[in-house]
Amino acid sequence: MQRRTYLSGLAGIPALGSLGGDVQALTTARTHGDSHHPGPPRFMRADERLVDPLTVDYRRGGGPDGRNTLAPQVPDPERDPENYADDAFQWRVAETPADSDVDGFYESPDEYDYEGDNVAEFDPDVPGVYTLELDAPDGTHELTVRAFPEPPESAGGRPRVNPRGEYDADSGTFTVEANPASAPDSALSSADLDVEFYVDDRDALEESALSVDGATATVDAADLDERAHVYAVASGERHSVSQMVALDPEDGVDHVDQPPEWIENATMYEIFVRSFGSEPGEVDFQYLADNLDYVESLGIDVIWLTPIVEAASHREDRAGGPHGYDTINYFDTADALGSMADFEAFVDACHERDIRVCFDLVINHVDITHPFFEDTETNLQGSKYFNWFERTADGSPNNYFGWDTLMNINYQNVALREHILAAADFWSQRVDGFRCDIAYGVAHDFWKEVREVVVGNDADFFLLDETIPYQAGFAEQEFDIHFDNELHSALVEVGRGGVDATAILDAVEQRRIEGVPDGQVFLQYIENHDTRRYLDDNSLAAEKAAAAATFTLPGIPMVYYGAERAIADYADPRLDEKGHFRSFMNWEEYDEDHLAFYRALGEAREEIDALQFDADLVGAYFEADDEQVLAFGRDAGDQTVVVVLNFAEESKRVDLRGPVGTTDLISGSDVGVDADGETTTVDVDAVAVLETPSLSGLGTHVAGVTDEVGDDTGAGDAAYPEGVATARWT
Numbered sequence: 177m178q179r180r181t182y183l184s185g186l187a188g189i190p191a192l193g194s195l196g197g198d199v200q201a202l203t204t205a206r207t208h209g210d211s212h213h214p215g216p217p218r219f220m221r222a223d224e225r226l227v228d229p230l231t232v233d234y235r236r237g238g239g240p241d242g243r244n245t246l247a248p249q250v251p252d253p254e255r256d257p258e259n260y261a262d263d264a265f266q267w268r269v270a271e272t273p274a275d276s277d278v279d280g281f282y283e284s285p286d287e288y289d290y291e292g293d294n295v296a297e298f299d300p301d302v303p304g305v306y307t308l309e310l311d312a313p314d315g316t317h318e319l320t321v322r323a324f325p326e327p328p329e330s331a332g333g334r335p336r337v338n339p340r341g342e343y344d345a346d347s348g349t350f351t352v353e354a355n356p357a358s359a360p361d362s363a364l365s366s367a368d369l370d371v372e373f374y375v376d377d378r379d380a381l382e383e384s385a386l387s388v389d390g391a392t393a394t395v396d397a398a399d400l401d402e403r404a405h406v407y408a409v410a411s412g413e414r415h416s417v418s419q420m421v422a423l424d425p426e427d428g429v430d431h432v433d434q435p436p437e438w439i440e441n442a443t444m445y446e447i448f449v450r451s452f453g454s455e456p457g458e459v460d461f462q463y464l465a466d467n468l469d470y471v472e473s474l475g476i477d478v479i480w481l482t483p484i485v486e487a488a489s490h491r492e493d494r495a496g497g498p499h500g501y502d503t504i505n506y507f508d509t510a511d512a513l514g515s516m517a518d519f520e521a522f523v524d525a526c527h528e529r530d531i532r533v534c535f536d537l538v539i540n541h542v543d544i545t546h547p548f549f550e551d552t553e554t555n556l557q558g559s560k561y562f563n564w565f566e567r568t569a570d571g572s573p574n575n576y577f578g579w580d581t582l583m584n585i586n587y588q589n590v591a592l593r594e595h596i597l598a599a600a601d602f603w604s605q606r607v608d609g610f611r612c613d614i615a616y617g618v619a620h621d622f623w624k625e626v627r628e629v630v631v632g633n634d635a636d637f638f639l640l641d642e643t644i645p646y647q648a649g650f651a652e653q654e655f656d657i658h659f660d661n662e663l664h665s666a667l668v669e670v671g672r673g674g675v676d677a678t679a680i681l682d683a684v685e686q687r688r689i690e691g692v693p694d695g696q697v698f699l700q701y702i703e704n705h706d707t708r709r710y711l712d713d714n715s716l717a718a719e720k721a722a723a724a725a726t727f728t729l730p731g732i733p734m735v736y737y738g739a740e741r742a743i744a745d746y747a748d749p750r751l752d753e754k755g756h757f758r759s760f761m762n763w764e765e766y767d768e769d770h771l772a773f774y775r776a777l778g779e780a781r782e783e784i785d786a787l788q789f790d791a792d793l794v795g796a797y798f799e800a801d802d803e804q805v806l807a808f809g810r811d812a813g814d815q816t817v818v819v820v821l822n823f824a825e826e827s828k829r830v831d832l833r834g835p836v837g838t839t840d841l842i843s844g845s846d847v848g849v850d851a852d853g854e855t856t857t858v859d860v861d862a863v864a865v866l867e868t869p870s871l872s873g874l875g876t877h878v879a880g881v882t883d884e885v886g887d888d889t890g891a892g893d894a895a896y897p898e899g900v901a902t903a904r905w906t
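Our numbering runs 176 ahead of the 1-based position in the sequence shown.
Next up, the structure:
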């Protein structure tokens with residue numbers, strides 16, 4: 177069955193039969209985002225639902241991947257659209273697997289009845305391929321849903337795919353290699369995985385035009401009249417998230433799901449906007465612009481600003497400080513910070529310094545004083561916006577985790593989705609990326625639509641999700657960068673002395689166990705505006721080692737304002753329960769050596785090839801008498817280094833195998849103590865980055881903490897020389 181979009185107007189379909197066999201009842205020129213088509217094909221398990229539960233918490237409540245629905249997309253979104261009629265969009269099940277009894281859509285008996293079925297929920301009953309249809313004002317659209325079997329309880333992590341495409345002009349053929357990879361803790365090898373390929377239902381390319389041989393798909397260029405999107409998904413005991421490549425008869429291959437190249441080696445700086453000054457009311461957009469030279473001196477590539485739109489806490493100092501996460505108007509800046517023109521001037525000043533701006537997008541909830549919500553309080557069901565907000569079974573508004581001033585918005589309403597999409601469209605034309613607050617609270621399908629809009633405006637735009645803990649599903653045509661909460665937790669615990677420093681590399685390995693696709697980028701941080709300052713609970717020595725870890729592991733280091741100035745040792749707490757996490761900036765008094773250390777980290781990451789994103793992370797054999805010491809290797813091909821981290825308050829002697837340079841590439845100091853050709857002994861304070869001609873013999877790819885020696889295909893028992901600590905990495 178062809179999966180495309182039917183001609184608008186169902187009444188015209190019967191007459192097509194009289195027009196001859198060459199006439200198709202399907203249009204062939206749909207472009208992403210120009211219709212009500214519900215978007216990319218869906219990949220899920222047969223034992224889960226595509227649902228929008230009333231509450232989704234940060235521990236994956238509501239389902240394996242949180243919120244996910246079936247909804248029409250909205251071309252050319254308006255800021256304040258009229259509500260769609262209850263029957264404007266109608267869903268139906270067109271095809272199911274042979275042994276399926278599904279003939280309709282899921283409805284929760286405990287959910288408030290918003291009326292209409294414009295947004296649907298789906299509950300497959302058996303594995304296989306389902307075809308759904310959406311009747312919309314612009315025609316009928318088909319959507320493929322692939323349901324995979326429920327994994328056994330003993331299954332390891334999710335596999336991954338990393339599809340790479342190329343065009344061979346001599347043969348006139350596009351080739352897509354899926355490159356499947358099993359999880360480090362899986363009993364299956366990569367060769368054991370199956371791979372399936374699917375064409376986007378919006379494209380003219382027929383799925384039958386795909387010639388599939390194992391993990392490779394080919395397409396004859398003669399079958400490709402326009403741009404098409406091919407999705408690869410691997411399966412074994414579990415299935416991977418899909419990854420997509422675009423095939424274009426004019427432009428060749430576009431690896432659309434990969435983050436923009438510029439972001440991979442960026443360094444980010446988070447500013448809690450209203451605390452960046454020395455006192456209340458000091459900060460506005462001009463103040464931020466006046467301090468850009470300082471930010472630039474840290475080697476920063478991206479500034480993440482906490483919310484700058486009009487919000488209740490920008491008008492009054494509520495609990496949590498004037499944070500801005502309680503939106504009143506999505507389309508204007510906070511009066512306390514300045515006008516839209518002032519903000520745009522700030523962005524221009526950043527761009528003049530090659531610094532990009534990350535906008536904090538808060539679309540899970542709004543403030544209770546948002547005019548749309550206030551209208552519902554006045555007019556109740558008579559309000560145009562009544563169904564724009566989540567409601568409990570009795571019709572009462574649902575707030576965010578008990579915060580009685582934050583009201584959750586309802587993504588089962590198409591007009592509300594249009595309003596928020598218009599905001600994303602608006603701001604993506606003014607900034608360079610979004611940090612998406614409480615991303616897990618918003619439906620996956622909506623994030624896919626947001627991505628299509630913002631990347632359509634700017635191919636170099638990036639999306640950063642706040643999902644705690646991170647989930648692989650948010651890398652499926654949604655986000656480029658993910659908060660690494662696992663690494664953050666490990667860095668904090670190592671600093672406290674609660675766990676062995678090897679927990680840091682275990683945390684990095686968790687990315688692959690979770691099935692996050694290769695090429696996705698992680699945000700590496702020791703603190704942010706929602707956590708305690710690292711120095712509130714750890715020593716300055718441990719803080720330096722933790723910060724160094726974020727700059728030397730593969731990912732994007734993020735510095736929270738003031739960390740570089742040891743703010744917790746100088747500023748007054750702003751909120752007692754979390755110490756100095758939102759203190760005013762200590763501009764006058766600060767630790768000069770600490771600031772110099774952070775600047776040196778930024779320079780090292782920029783200048784040392786082996787610390788770049790694409791450099792391999794490998795294990796390194798080392799000996800030390802303290803569990804707060806860790807060593808690992810980074811291999812860029814033309815340069816290899818060993819990184820040594822020391823979280824203890826005193827310097828530590830560390831024995832490394834082989835000929836290792838003793839000049840620390842960060843400080844320029846000689847840290848060598850002794851060397852005999854087989855072992856190099858160094859004395860390290862917080863960090864040392866040491867060049868080595870080769871990691872052979874010094875370090876090796878280790879397939880996992882329980883894998884057989886030399887075997888990266890399954891579970892086993894690792895054996896290392898007695899008394900030697902080793903990094904753990906696959």
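Positions of the beta carbon are idealized from the N, C-alpha and C atoms, including for glycine.
- Task: Name the residue from P425, A651, D840 and T320 whose alpha carbon lies nearest to the alpha carbon of R378.
- Result: The closest CA to that of R378, considering only P425, A651, D840 and T320, is found on T320.
- Relative to the C-alpha of V805, which residue among V626, A648, K720 and R627 is closest? Per the Cα distances, K720.
- Item | Environment of F577 [buried if 16+ CB atoms lie within 10 Å] | Result: exposed.
- Could you check what DSSP says for H431 in three-state terms: helix, strand or coil? Coil.
- Going by CA-CA distance only, name the one from G834, Q700 and F789 that's closest to A438. Reading the sequence as shown, one finds Trp at residue 438 and not Ala. Nearest option by C-alpha distance: F789.
- Host beta strand (DSSP E) of K828 (start-end): K828 to R833 is the span of the beta strand (DSSP E), which, as asked, contains K828.
- Can you grab the Cα-Cα spacing for the pair R340 / Q653, in whole Å? The alpha-carbon separation between R340 and Q653 amounts to approximately 15 angstroms.
- According to DSSP, residues forming a beta bridge with Y343: Note: Y343 sits in a beta bridge opposite F350.
- Could you have a look at N505 and say whether DSSP puts it in helix, strand or coil? Three-state result, N505: strand.
- Hey, quick one: how far does the beta strand (DSSP E) through V321 stretch, first residue to last? Where V321 is concerned, the enclosing beta strand (DSSP E) stretches over G315 to F324.
- Could you check which residue in A718, V626 and E372 has the C-alpha nearest to that of S416? The shortest C-alpha separation from S416 is found at E372.
- Relative to the alpha-carbon of A431, which residue among F461, R450, L381 and A408 has its alpha-carbon at the smallest distance? According to the sequence shown, residue 431 is His rather than Ala. The residue with the shortest Cα to Cα distance from H431 is A408.
- N294 (DSSP reduced to helix, strand or coil): The answer is coil: DSSP assigns N294 none of H, G, I, E or B.
- State the beta-bridge partners of T392 as determined by DSSP. When DSSP reads this structure, T392 sits in a beta bridge with E353 and D389.
- Using the beta-carbon count (16 or more within 10 Å), is M516 buried or exposed? Under this definition M516 is an exposed residue.
- Task: Can you tell me which of the three DSSP states A487 falls into?
- Result: Residue state, collapsed to three classes: strand.
- Do the stretch 214-224 and the stretch 312-326 make contact, defined as three or more Cβ pairs closer than 8 angstroms? Contact between the stretch 214-224 and the stretch 312-326 is present, because at least three Cβ pairs lie under 8 angstroms.
- Task: Have a look at G558, S366 and D389 and flag the residue whose alpha-carbon is nearest the alpha-carbon of T351.
- Result: It is D389.
- Determine, using beta carbons only, whether E291 and D228 come nearer to each other than 9 angstroms. No, Cβ-Cβ distance for E291 and D228 is not below 9 angstroms.
- Item | Where P547 falls, given that 16 or more other Cβ within 10 Å makes a residue buried | With fewer than 16 other Cβ atoms within 10 Å, it is exposed.
- Kindly indicate the opening and closing residues of the beta strand (DSSP E) around L226. Careful: L226 lies outside any beta strand (DSSP E) and carries neither H nor E.
- Compare the C-alpha of D785 against each of V847, Y701, D301 and P730 and name the closest. With distances taken between Cα atoms, D785 lies closest to P730.
- Message: Rounded to whole angstroms, what is the Cα-Cα separation between R688 and G809?
- Response: For R688 and G809, the distance between alpha carbons rounds to 18 angstroms.
- Assigned secondary structure, Y306 (DSSP; H/G/I helix, E/B strand, else coil): Note: Y306 maps to strand in three-state DSSP.
- Item | Coil, strand or helix - M583 by DSSP | M583: strand per DSSP, three-state reduction.
- Task: Give me the Cβ distance between T503 and V538, rounded to the nearest whole Å; I'm assuming they're in contact under 8 angstroms.
- Result: Their Cβ separation, rounded to whole angstroms, is 6 angstroms, which keeps T503 and V538 in contact under 8 angstroms.
- Item | Rounded C-alpha distance that separates V429 from S418 | If you take the alpha carbons of V429 and S418, they lie about 17 angstroms apart.
- Query: Exposed or buried, Y470, counting other C-beta atoms within 10 Å across all chains shown (16 or more means buried)?
  - Reply: Answer is exposed; the Cβ neighbour count stays below 16.
- Query: Three-state secondary structure (DSSP) at M761?
  - Reply: If DSSP states are grouped into helix, strand and coil, M761 belongs with coil.
- Task: Starting from M516, follow its DSSP beta bridges and name the residues at the other end.
- Result: Partner(s): none; M516 has no beta bridge.
- Pairwise C-alpha distance: P216 and N355: The straight-line gap from Cα to Cα measures roughly 21 angstroms.
- Message: For E486, count the other beta carbons within 10 Å of its own beta carbon; 16 or more makes it buried, fewer makes it exposed. Which is it?
- Response: Residue burial is scored here from C-beta neighbours: E486 has at least 16 other C-beta atoms within 10 angstroms and is therefore classed as buried.
- At least three beta-carbon pairs within less than 8 angstroms, the stretch 737-752 to the stretch 672-692: As far as the Cβ criterion goes, the stretch 737-752 does not touch the stretch 672-692, which means the pair count is below three.
- Task: Taking all protein chains shown into account, decide if Q557 is buried (16 or more other Cβ within 10 angstroms of its Cβ) or exposed.
- Result: Per the 10 Å Cβ criterion, exposed.
- Out of E318, E440, R336 and V302, point me to the one whose CA is closest to I657's CA. Checked all of E318, E440, R336 and V302; the closest Cα to I657 is E440.
- Buried or exposed by the 16-neighbour rule on C-beta atoms within 10 Å, applied to Q605: With fewer than 16 other Cβ atoms within 10 Å, it is exposed.
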